[in-house]
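Visitor: Everything in the sequence shown is counted per our numbering, starting at 1 for the first residue and increasing by one. Below are the structure tokens for one structure; questions will follow.
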Amino acid sequence: MSVTAAVFKRLEDVVLPAGVDMDHLLIDESTGQVYLDDASQVRLPLSDALEVDKPLGNIARIRCLRDEISQALGQNAGRSLLLNAILYDGTHCGDLIQIEDRDRLKEEVEWLRNISSTGPEVAIFLSDLEELILASQRCGNPIVFL
Numbered sequence: 001m002s003v004t005a006a007v008f009k010r011l012e013d014v015v016l017p018a019g020v021d022m023d024h025l026l027i028d029e030s031t032g033q034v035y036l037d038d039a040s041q042v043r044l045p046l047s048d049a050l051e052v053d054k055p056l057g058n059i060a061r062i063r064c065l066r067d068e069i070s071q072a073l074g075q076n077a078g079r080s081l082l083l084n085a086i087l088y089d090g091t092h093c094g095d096l097i098q099i100e101d102r103d104r105l106k107e108e109v110e111w112l113r114n115i116s117s118t119g120p121e122v123a124i125f126l127s128d129l130e131e132l133i134l135a136s137q138r139c140g141n142p143i144v145f146l
């Protein structure tokens, strides 16, 4: 069990398989995921619809990241989007970081990036989040947990 975060491509950027009947093309309004309905004779692999996906860690890594980031945030930990929306559980999926929360997440990541007390695992985690944030900005889709 682990946590993976992703951003779906914009429709214009998805390379559709040959023979796709456009009548079967759907877009999930909440995630931006482009997919084909069950009646389609052709399948669109999930990986072809993803702009970026990042495995953030298994249960143990998520717990360690949560502990270290919680300590770094101190009294601000209770209001942390990182802790409350990403690192709250080591197995969650189906959650979103909405577009309207993206700037808040970016600010938190930047603030943590400037703290020298965090270790190399947090640095890797923050780099992954920065890549997800940039993809979300580029594609106009939320960050999704798979």
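Positions of the beta carbon are idealized from the N, C-alpha and C atoms, including for glycine.
Where does the unbroken beta strand (DSSP E) through Asp53 begin, and where does it stop?
Guide: Per DSSP, Asp53 belongs to the beta strand (DSSP E) from Leu50 to Asn58.
Visitor: Looking only at C-alpha atoms, which of Asp13, Leu26 and Gly119 sits nearest to Ala39?
Guide: Ala39 has its Cα closest to that of Leu26, out of Asp13, Leu26 and Gly119.
Visitor: Is the number of C-beta pairs between the region 53–60 and the region 31–45 that are closer than 8 Å three or more?
Guide: Result no; under three Cβ-Cβ pairs closer than 8 Å.
Visitor: Please classify Thr91 as buried or exposed, where buried requires at least 16 other C-beta atoms within 10 Å of its C-beta.
Guide: Classification of Thr91: exposed, given that the 10 Å Cβ count is below 16.
Visitor: Looking at the strands, I want to know which residues DSSP matches up with Phe125.
Guide: For Phe125, which the question treats as bridged, DSSP gives no partner whatsoever.
Visitor: Relative to the C-alpha of Leu129, which residue among Asn76, Gln71, Leu65 and Arg79 is closest?
Guide: Out of Asn76, Gln71, Leu65 and Arg79, Leu65 has the C-alpha closest to the C-alpha of Leu129.
Visitor: Could you check where the beta strand (DSSP E) with Val109 kicks off and where it finishes?
Guide: Here Val109 belongs to no beta strand (DSSP E); instead the alpha helix (DSSP H) covers Arg102 to Arg113.
Visitor: Give the range of the beta strand (DSSP E) segment to which Thr4 is assigned.
Guide: Its beta strand (DSSP E) spans residues Ser2 to Phe8.
Visitor: Give the range of the beta strand (DSSP E) segment to which Ala14 is assigned.
Guide: Contrary to the premise, residue 14 reads as Val rather than Ala in this sequence. That residue, Val14, is in no beta strand (DSSP E); it is neither H nor E in DSSP.
Visitor: Applying the criterion that 16 or more other CB atoms from any shown protein chain within 10 Å of the CB defines a buried residue, is Gly32 buried or exposed?
Guide: When all chains shown are included, Gly32 counts as buried.
Visitor: What would DSSP say about Leu96, mapped onto helix, strand or coil?
Guide: Correct three-state label for Leu96: strand.
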